[in-house]
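Asks: Be aware that the sequence shown starts at 1, since it is given in full-length UniProt numbering, and climbs by one per residue. Glycine is no exception: its CB is placed at the ideal position from the N, C-alpha and C atoms. Have a look at the structure that comes next, please.
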Amino acid sequence: MSTQVIDWDEAMQQCGEDEEFLRELLGDLRDETNTQMAKMEEVIRNPTGSPFVELHRAAHVIKGAASNLMCSQLRDTALALESAATSAANAPDGATNPAVIDTVKAKFEELKNAVCLYNAHLTSLNV
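What follows is the structure in structure tokens.
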């Protein structure tokens with residue numbers, strides 16, 4: 001997994017070398033990520049319906065947006081949660097198997113840590 005929060009040079013290229021636009025997009029990513037994390041927190045606290053599918057969807061949103069902005073740490077941890085949630089959703093006993101549930105929760109915690117690092121990095125950039 002990458003430890004780089006943002007590949008600034010690559011992200012600038014994605015934004016046509018427009019730093020103001022990049023900063024705006026990074027702020028938007030922070031807002032969207034925080035929204036998705038709140039949804040996942042609620043799903044983990046109160047798992048009803050199809051919790052693994054809901055976790056998969058939220059992680060997928062973060063993964064895609066982070067990937068577009070060269071935020072590899074967020075992308076990688078979101079991908080890991082997305083994969084774990086998909087496996088859990090497809091497992092016959094996923095909803096009741098403690099090992100499966102623990103794996104998904106561990107991947108969620110890893111993503112939560114990556115989000116904290118991302119938010120701190122944006123603060124250091126005055127975004």
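If I'm right that E32 touches V53 with Cβ under 8 Å, what's the distance once you round it to whole angstroms?
Replies: What you label residue 32 is simply residue 32 of the sequence shown in a count that begins at 1. What you label residue 53 is simply residue 53 of the sequence shown in a count that begins at 1. Between V53 and E32 the Cβ distance is about 19 Å, and since that is not below 8 Å, they are no contact.
Asks: Looking at A84: is its Cβ nearer than 8 Å to the Cβ of T103?
Replies: Counting from 1 along the sequence shown, the entry for residue 84 is found at position 84. Counting from 1 along the sequence shown, the entry for residue 103 is found at position 103. Contact flag set, yes.
Asks: Give the straight-line distance between the Cα atoms of A114 and L74, rounded to the nearest whole angstrom.
Replies: Indexing the sequence shown from 1 puts residue 114 at position 114. Indexing the sequence shown from 1 puts residue 74 at position 74. Taking the straight line from one Cα to the other gives about 6 Å.
Asks: Could you give the uninterrupted runs of the beta strand (DSSP E) lying entirely in the UniProt domain "HPt" (18-118), keeping only those of 3 residues or more?
Replies: Qualifying beta strand (DSSP E) stretches: none in this window.
Asks: Could you give the C-beta distance for L69 and Q13, rounded to a whole number, given that I count them as a contact under 8 Å?
Replies: Locating residue 69 in the sequence shown gives position 69, where the first residue counts as 1. Locating residue 13 in the sequence shown gives position 13, where the first residue counts as 1. Their Cβ separation, rounded to whole angstroms, is 11 Å, which puts L69 and Q13 out of contact at 8 Å.
Asks: Quick one: any contact between the stretch 42-52 and the stretch 16-23, if contact means 3 or more CB pairs under 8 Å?
Replies: Contact between the stretch 42-52 and the stretch 16-23 is absent, because fewer than three Cβ pairs lie under 8 Å.
Asks: Three-state secondary structure (DSSP) at Q14?
Replies: Locating residue 14 in the sequence shown gives position 14, counting from the first residue. Residue state, collapsed to three classes: helix.
Asks: Distance, Cα to Cα, A95 vs S124?
Replies: In the sequence shown, residue 95 corresponds to position 95, counting from 1. In the sequence shown, residue 124 corresponds to position 124, counting from 1. So the alpha carbons of these two residues sit roughly 40 Å apart.
Asks: Starting from the Cα of D76, find the closest Cα among L111, D7, L55, Y118 and give me that residue.
Replies: Counting from one through the sequence shown, the residue named residue 76 turns up at place 76. Cα-wise, what sits closest to D76 is L111.
Asks: Spatial neighbours of L117 within its chain, please: CB distance less than 8 Å, with the 5 preceding and 5 following residues excluded, ordered by chain position.
Replies: Within the sequence shown, residue 117 is the residue found at index 117, counting from 1. The answer, listed in chain order, is V5, Q73.
Asks: Among D28, L122, I44, D9, which one has its Cα closest to the Cα of K105?
Replies: Your numbering for residue 105 matches position 105 in the sequence shown. Looking at the Cα atoms, I44 is the closest of the given residues.
Asks: For a test of the three-state rule: what should DSSP assign to T3, helix, strand or coil?
Replies: The residue labelled residue 3 in the question sits at position 3 within the sequence shown. DSSP places T3 in coil when its eight states are reduced to three.
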